[in-house]
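Working notes for the structure below.
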Amino acid sequence: MSPEHPFLRAALELAYSNVERGGRPFGAVVVKDGKILATGVNEVIGTNDPTAHAELMAIRAASQELGSPNLAGCAVFASGHPCPMCMAAMRLAGIAEITYAYSNEDGAPYGLSTAAVYADLAKPFAEQSMKITYTPVRLESRVDLYEAWKSKA
Numbered sequence: 001m002s003p004e005h006p007f008l009r010a011a012l013e014l015a016y017s018n019v020e021r022g023g024r025p026f027g028a029v030v031v032k033d034g035k036i037l038a039t040g041v042n043e044v045i046g047t048n049d050p051t052a053h054a055e056l057m058a059i060r061a062a063s064q065e066l067g068s069p070n071l072a073g074c075a076v077f078a079s080g081h082p083c084p085m086c087m088a089a090m091r092l093a094g095i096a097e098i099t100y101a102y103s104n105e106d107g108a109p110y111g112l113s114t115a116a117v118y119a120d121l122a123k124p125f126a127e128q129s130m131k132i133t134y135t136p137v138r139l140e141s142r143v144d145l146y147e148a149w150k151s152k153a
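Numbering (UniProt numbering), first residue to last: 1 to 153.
And the structure:
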């Protein structure tokens, strides 16, 4: 893909604008049928929300625009390498194509790489830096939680 790609350029312009407003250097666009459906910038600093990444903000806006959490048929163009949280959200939303302009290697000298998070997540739960515990508690006085949900669907 050419570095002149218009959707990547749009994501980069969003990122530059966000930096000018005091935000982090990340922007993203969601594209459907060859047109920008929604945009987002990293709002972590302004909102104190660690999940307010550009890709997630764009996904939220696209879902509202479409009136659906299913973004199948959409593509995301991001200024930077999406973190594992954003990658997972895009997969859960049904997005099948992601293109980004700056790699983790590009961001590493600036403290903007998520390569270490990817590496940690690749390990078995017992070896990860975060303690992860499965404890199968059930409420005896209630129908199984998933069964309750399934019966309402």
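Cβ coordinates follow ideal geometry from the N, Cα and C atoms, glycine included.
Note on Leu139: under 16 other CB atoms within 10 angstroms of its CB, so exposed under the neighbour-count rule. From the listed residues Asn70, Val143, Arg21, Met87, the smallest Cα separation to Phe77 is found for Met87. Judged by DSSP in its simplified three-state form, Thr39 adopts strand. With distances taken between CA atoms, Ala108 lies nearest to Gly80 out of Asn18, Ser141, Gly80, Thr51. For Ile98, the enclosing beta strand (DSSP E) begins and ends at 97-102. Gly46 sits in a helix when the DSSP states are folded into three classes. Judged by DSSP secondary structure, Lys32 falls outside any alpha helix (DSSP H) and instead within the beta strand (DSSP E) spanning 27-32. About 23 angstroms separates the beta carbons of Gly22 and Ile59, which is beyond the 8 angstroms limit, so they are not a contact pair. For Pro50 and Asn42, the gap between their C-alpha atoms comes out near 10 angstroms. A direct Cα-to-Cα measurement between Ser113 and Ala126 gives close to 24 angstroms.
Excluding its 5 nearest sequence neighbours in each direction, Leu12 has C-beta neighbours in its own chain below 7 angstroms: Gly27, Ser79, Ala101, listed in chain order.
For Ala10 against Val29, the beta-carbon gap comes to about 5 angstroms, under 8 angstroms, which counts as contact.
In this structure Pro124 is exposed. Its beta-carbon is surrounded by fewer than 16 other beta-carbon atoms within 10 angstroms.
When the alpha-carbon of Gly40 is set against those of Met57, Pro82, Ala52, the nearest one is in Met57.
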